[in-house]
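Asks: The structure's right below; bear with me while I get my questions together.
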Amino acid sequence: TDSQQKKTRIFFSEEQKHSLRQAYAADPYPSQATLDELAAGLGVATKTVVNWFHNYRMRAKQQMKTTIIASANGTPQENFERKLS
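Structure (structure tokens):
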């Protein structure tokens, strides 16, 4: 049936990604009205924009964890120097 078919993946243009990132920088949790306006302006479904924001927040959260772990562990050179002393 149609509901079981996988949807075609949406690829955003650089301009669309720029608009989405600007909107995210202004508010990572935009209102429904803002999501609707953004979707209309980009020519995509609101659900697509909702998913982009969710995925972007998750990537940002993961990047933050990775950065914290990397800074806590130090660089390989710092770790090597610590072992020597």
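Following the numbering used here, the numbering of the sequence shown begins with 158 at its first residue and continues without gaps.
In this text, a Cβ means the ideal position worked out from N, Cα and C, and glycines have one as well.
Return yes when the C-beta of residue 214 is under 6 Å from any heavy atom of the ligand ZN, and no when it is not.
Replies: The model on display carries no ligand, and the ligand ZN is accordingly not part of it.
Asks: DSSP state of residue 201, grouped into three classes?
Replies: By 1-based counting over the sequence shown, the position of residue 201 is 44. Here residue 201 sits in coil by DSSP.
Asks: Thinking C-alpha only, which one of 187, 172, 170, 169 is nearest residue 214?
Replies: If you number the sequence shown from 1, residue 214 lands on position 57. Of 187, 172, 170, 169, the residue nearest in Cα terms is 187.
Asks: Give the secondary structure of residue 242 by DSSP, where H, G and I count as helix, E and B as strand, and everything else as coil.
Replies: Mapped onto the sequence shown, residue 242 falls at position 85. Confidence in residue 242 is poor, its pLDDT being 48 and thus under 50, which makes the residue's placement too unreliable to answer from.
Asks: Are there three or more Cβ pairs, one per stretch, closer than 8 Å when the region 183 to 197 is compared with the region 158 to 173?
Replies: Short answer: they don't touch.
Asks: Could you give the distance in angstroms between the alpha-carbon of residue 225 and the alpha-carbon of residue 179?
Replies: Sequence index remark: in the sequence shown, residue 225 carries index 68 (1-based). Sequence index remark: in the sequence shown, residue 179 carries index 22 (1-based). Going by the C-alpha atoms only, they are around 24 Å apart.
Asks: Going by DSSP in three states, residue 167 sits in which element: helix, strand or coil?
Replies: Taking the first residue of the sequence shown as position 1, residue 167 is located at position 10. Note: residue 167 maps to coil in three-state DSSP.
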